[in-house]
Structures are given as C-alpha cells and as structure tokens.
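Asks: Residue numbering for the sequence shown follows the working numbering, starting at 3 and increasing by one per position. Note that the Cβ used here is the ideal one computed from N, Cα and C, for glycine as well. Just passing along the structure, written as structure tokens.
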Amino acid sequence: MIEILVAIVLMAFVSLIAWRALDSVTRTSAHLDRSTEATLSTLRALEQFERDISLRATVELPLSPEDGNRPKLDEDGLPLRKRLLPEALTTERGRVPFRIEIVRALPDATGTLQRVYWWIERGTLYRSAAAPSDHFPLPAPDARSAVAVLQDVQDFDVRAWRPGAGWTRLPYTAESRQSSGLEVIIAQRTDRGDERYRRVIALR
C-alpha cells in the first residue's frame, strides 16, 4: 500500500513538472510569435517606404508648355535654387513631428502619378495615398485614405545625405547639390524593449 501511495505521489510530481515545462514552452513560443510579427511588420513598413521612394516621379514632372526649357522659377520669379531632395520629395515639421510627401509613379499605368504621405502622429506611423491622376494639379491624400502602418512608434525620421557634409536633418532649405541617399529611422517600443530600425535608400 505504501509503495502505491509513493508511486502516485511521484507520478503527480512528475506530471506537475511536465505541465510547468509545457506552460513555459507555450508562453515562450507565444512571446516569440509576437516578437517575430512585430519585427516583420516593421520590415514591411520599411519595404513599402523604400518602394514608394524607388517609384518617385522624375521626368514625369514636366514644365508647362509655355516654360519651354527655361529654368523653373519661384513665387517671386527668381530661378529656383538647387534642392537637396529630388523634386518629387517634400518634407515638413510642425503640425506633426515629421511628414514626407512622395510623388510616385504607378508601375502599371504610364504617365499616372500619385501623392503619398508618410507621418507619425500620437505613436502611430501612417501612410496615406491619394487617388492617382494623369494631370496636374495632383489631388492630395485625404483623411479617409490614411492607413495605420505601425503602432507604438516613438520616432519616425528621414535624413538626406548632403554631399560633402554627411547626413542632414530635413527639411533643408539652403542651396545644395542633390542628395544621393536617404536614411529612414523607425524607433518602436516592443515586448523586448525599445528597438531602433535603420535603412539607407540610394537615390539613383
């Protein structure tokens, strides 16, 4: 009888250890799944941003017919200075911590352009794309087209490589040779703590 009781106690003890081990494995697996999904979401956001940049308009931004080959003029009628960023990229700070506008081409529609905004607001990274158009002025994205790309974002910023000076905070309004690359940074709070992602995109 004693041997049976001892055997039952041992079996219960082994079962308890096995259950705790299984629970630990399950919790670890769930944590890894959440961590992996968070990383993949950030990488997908960076890939979409890079794709928008790679599809930016170049020769698709024409001068009006009456301008001919004359240089573009500013609102005061003076020749525009050399910009650090290509014509299709515009940045601003103020209403939101940082926003970049990209005028991009649609790969399957020749001559059709689209304005895209990326910005951070209240810890969320948004992307908003306007309806595509084949004539100017291009429509701007509206609030209904905004898509929350990432949550728990602490920082979203883009810097441009300024020839002879290095990475430069945007907007940059002084005259400059055109940038050869962009650096996009996303800082995010995750289960593993604060993480910072960085990607460099060549402007070819």
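1. To the nearest angstrom, how far is the alpha carbon of F51 from that of M13?
2. By alpha-carbon positions, which one of R191, R22, W169 ends up nearest to I203?
3. Would you call S181 buried or exposed, if buried means 16 or more other Cβ atoms sit within 10 Å of its Cβ?
4. In terms of residues, what are the limits of the beta strand (DSSP E) holding E185?
5. Given a threshold of 16 other Cβ atoms within 10 Å of its Cβ, counted over all protein chains shown, does E94 qualify as buried or as exposed?
6. So R106 and D154 are supposed to be a Cβ contact under 8 Å. How far apart are they, rounded?
7. Just tell me which of G195, A145, L127 has its CA closest to the CA of S43.
8. Tell me, to the nearest whole angstrom, how far the beta carbon of A247 is from that of I104; I am working on the premise that it is less than 8 Å.
9. Does the beta-carbon distance from Y174 to I188 come in below 8 Å?
Replies: A quick look at the data gives this:
1. 57 Å
2. W169
3. buried
4. 183-192
5. exposed
6. Going by Cβ atoms, the distance from R106 to D154 rounds to 27 Å, so no, they are not a contact pair.
7. L127
8. Any question about residue 247 goes unanswered here, given that the chain covers just 3 to 206.
9. no
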